[in-house]
Each structure stands twice: as C-alpha cells, then as structure tokens.
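Structure record follows, encoded as structure tokens.
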Amino acid sequence: KSRGMPESRPGKRQKKNHHRRMSSEGQINTSAKGSLSGGAAQPMEGVEEERETTENETQTPSLLADFQDMSKQYDERNNRKEDVYRMTRELTIRSKRLIFLLHRAKPNDKNEKLLHEAETGTKDLLGIIFDIHCALLDLDDYCRFQSKISFGMQEFIEAISFKHFIETRTIITKQQLQASINSFDPSSRPKSTKASHGGGGRGRKGAGVGRGRKGRARRGDTESKQQAHAQPDTASKTPTAAAERERPQWEFQVTWADYLLGIADTTGEMMRLATTFAGQGDVKTPMQILDTMQRLYAALIPVDVRHREWKKKMDTFSASLQKVERLCYKLHIKGQEYPPHILKNLLAEVAPRATATTD
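Read the sequence shown against my numbering and you will find it ends at 375, with the numbers running on by one and no gaps.
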C-alpha cells in the first residue's frame, strides 16, 4: 500500500521551496549589482535621454520639410486639376456652339459661309486642346487626368464628326481625327483663344488659374509652355514648305472609348439634321442619313466597350435610328401619293410627327 500511494504532496513542496530559493538568490544578486554600480547607472540614463532628444530634434525638421514638400505637391496637383477641368468645360461649351452653328445648314446648298465659320470654331477648339496638352505636358501619370478630360473630348468629337458628315456624308475615322488634331498649328489659332479662357457655365467660385500666387505661377508656367511650342520664328521669313517643316510638333492621343462615345453621340445630331432637311422638302438627304446610321449601328453592336455610359449611348442610338426609319418610311409613302410641289408643304407637318417619341 505504501508503494501504491502517490507522492505528489512531497513533490509539490520541493518545487515551492526550490522556487523560493531561486527568487531570493535573484534578489540578492540584483541588490549586489546595484550596490557595486552605485551612482554610475544614473549618468548612463541621462546620456541616453540626451541622445534621444538630439535624434528627435534632428529628425523633426526633416519630417516637417517632407510634409511641407508633400503639401506643395498636392496643392500644385489640385490647382492643375482645376485648370484642366475649367478648360474642359470651355471645350464642351464651345463644341455645343459649333453643333448649333452646323444645324443652320441648308439642303441643296454648299453652305460655304457656314462651313467657313465652322472651320474657325474648329481652330478655336483645337487651341483649347493644345492648352490642355500644355497643362499636362510634364506629367508622368497623365492617365489620372483622363476622367477630367473625357466628357469634353466626347463633345469635341461629336462636333468634329458632325461637321465632317455635313461636308462629306461619311463618318470620320479615328485616324482622320487624330491627324486633324496633331496637324494643328498653335500659332494659327484665333486671337480670342490665345488669352486665358474664362470658363463658361457655373464653375466653382475661385476655381481657375488666376487664384492667388499659385494660380499666377501656374498661368505663367502654362504660357511659357505655349510659347515654347507655338511661338513663331519672326527673325526669318521662309517659304511655306520651310515653315511647314519648322512647325512645332505636338501629339495629343485620343482614346478609343472617347472616340466611340463621341461617334455614338453624333447619331443624335444626324437624326435632327434628317428631320430639319425633311421639313424643308429634301427627301434624298434623310435617306442617306438613314443608310449611314444603319451601317454604323450594325458595326457598333458587336463592340464591347467597358465604359459605364456605353449601354446608355447605344440605347439612345437605337431610339434615334428608329425615329429616322419612321421618318423615311413616311417620306417614301407620301412621295408615292403626292406630287413634289404638294409633298414639300406636307413634309413640314409630317417630319416633326414622324420623329416624335411614342409610348
């Protein structure tokens, strides 16, 4: 029985005594070390504290300088973003004005005076694009400003493609659009756009270039970049071929998304043009517009553009195409029923009703 009894209680006591012995020895050793060192430990602590304070003092100015530098960079970037946004709004407004001007075109007419005014407006728009290009010239992350430019570029492409359609009855290609932008000579821009743009519409108060010292500095930088690109050489008067060779080279890339969205918007203006021409007695032009819109819609249907506005644009395109189809159908039916001199008077009433929305 004595061998079978557990020996846990003597073992626990031995462990407790061993721990007590070890703890007492540790206290004695620490007290002995403290007595041997005496007051020598206190100066070492003071030296360490002084060293930490000096390191903090040396690190604090460098950190402040880093944060101040970051603050200047953010301010400059925000000011530049506001400048680009303001110029893009101006591009949008003037593109709409060009579209309204082109809607004054008359059927069975060359519209030379109208197209001359439209050409001046086109140079005005290209001058604004050149200003945007100068504002983003020294940036490595140009793509981050794409959202600030996209809506203005779509409106610009809509105006240019609509003008191209009135002149040639064809849709402008991306290569033609890119060539028309990059072949623009900044020194030939209208005088009204060489100054800083006022920014149409209801912009935010204080937004723009002329806002304090930073705004004046940004405007000076932009003007210097423009002069470096567009200032002509007045010292030498060379022939036209030599002047063409010395023309400043600049390149502004148009994205595929902006091009396709702008072309999709152009179809709405084509629908309005077909209605206007039909109301003035022109039957041939609405048929041409219908054929162009049908071929363009068939070409864009398989295209998958990863953009949030693409589906909405295509739905609007489909609705415009249906309106032109109804208009051309009624023009064809009425043309079989009435002679031309009576048909012209009827078209003024038929065209608006044919393109009206139906539930």
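Every residue gets a Cβ at the ideal spot worked out from N, C-alpha and C, and that includes glycine.
None of the values given here were measured: they were computed from a predicted structure.
Looking only at its chain, what residues have a beta carbon closer than 6 Å to the beta carbon of Met330, apart from the 5 residues adjacent to it on each side?
none
For Tyr354, which three-state DSSP category applies?
coil
Just to confirm, is the Cβ distance from Val270 to Lys190 under 9 Å?
It is a contact, given that the beta carbons lie within the stated cut-off.
What are the boundary residues of the alpha helix (DSSP H) that includes His149?
In the DSSP assignment, His149 falls within the unbroken alpha helix (DSSP H) covering Glu128 to Ala151.
Inside the segment 299-329 only - beta strand (DSSP E) runs reaching at least 3 residues
Correct list: empty.
Closest Cα partner of Leu276 within the set Asp298, Trp326, Arg342 and Gly295:
The residue with the shortest Cα to Cα distance from Leu276 is Trp326.
Taking C-alpha atoms, which residue in Leu118, Trp272 and Val319 lies nearest to Ile182?
Leu118
Less than 9 Å between the beta carbons of Thr138 and Ile176, yes or no?
A contact, by the Cβ cut-off of 9 Å.
Span separating the alpha-carbon of Arg185 from that of Lys122
14 Å
Helix or strand or just coil, what does DSSP make of Gly297?
coil
For a quick check, are the C-beta atoms of Ser379 and Met303 less than 9 Å apart?
Residue 379 lies beyond the stretch modelled for the chain, which goes from 17 to 375, so this question has no answer here.
Just tell me which of Asp274, Cys344 and Glu135 has its CA closest to the CA of His323.
For the residues Asp274, Cys344 and Glu135, the minimum Cα distance to His323 belongs to Asp274.
Short Cβ contact (9 Å threshold) for Glu105 with Asp140
Inspection of the sequence shows that residue 105 is occupied by Arg rather than by Glu. No Cβ-Cβ contact shorter than 9 Å links Arg105 with Asp140.
Is it right to say Tyr345 is buried, meaning 16 or more other beta carbons lie within 10 angstroms of its own, or is it exposed?
Burial call: exposed.
Status (buried if at least 16 other CB within 10 Å, exposed otherwise) for Lys339:
buried
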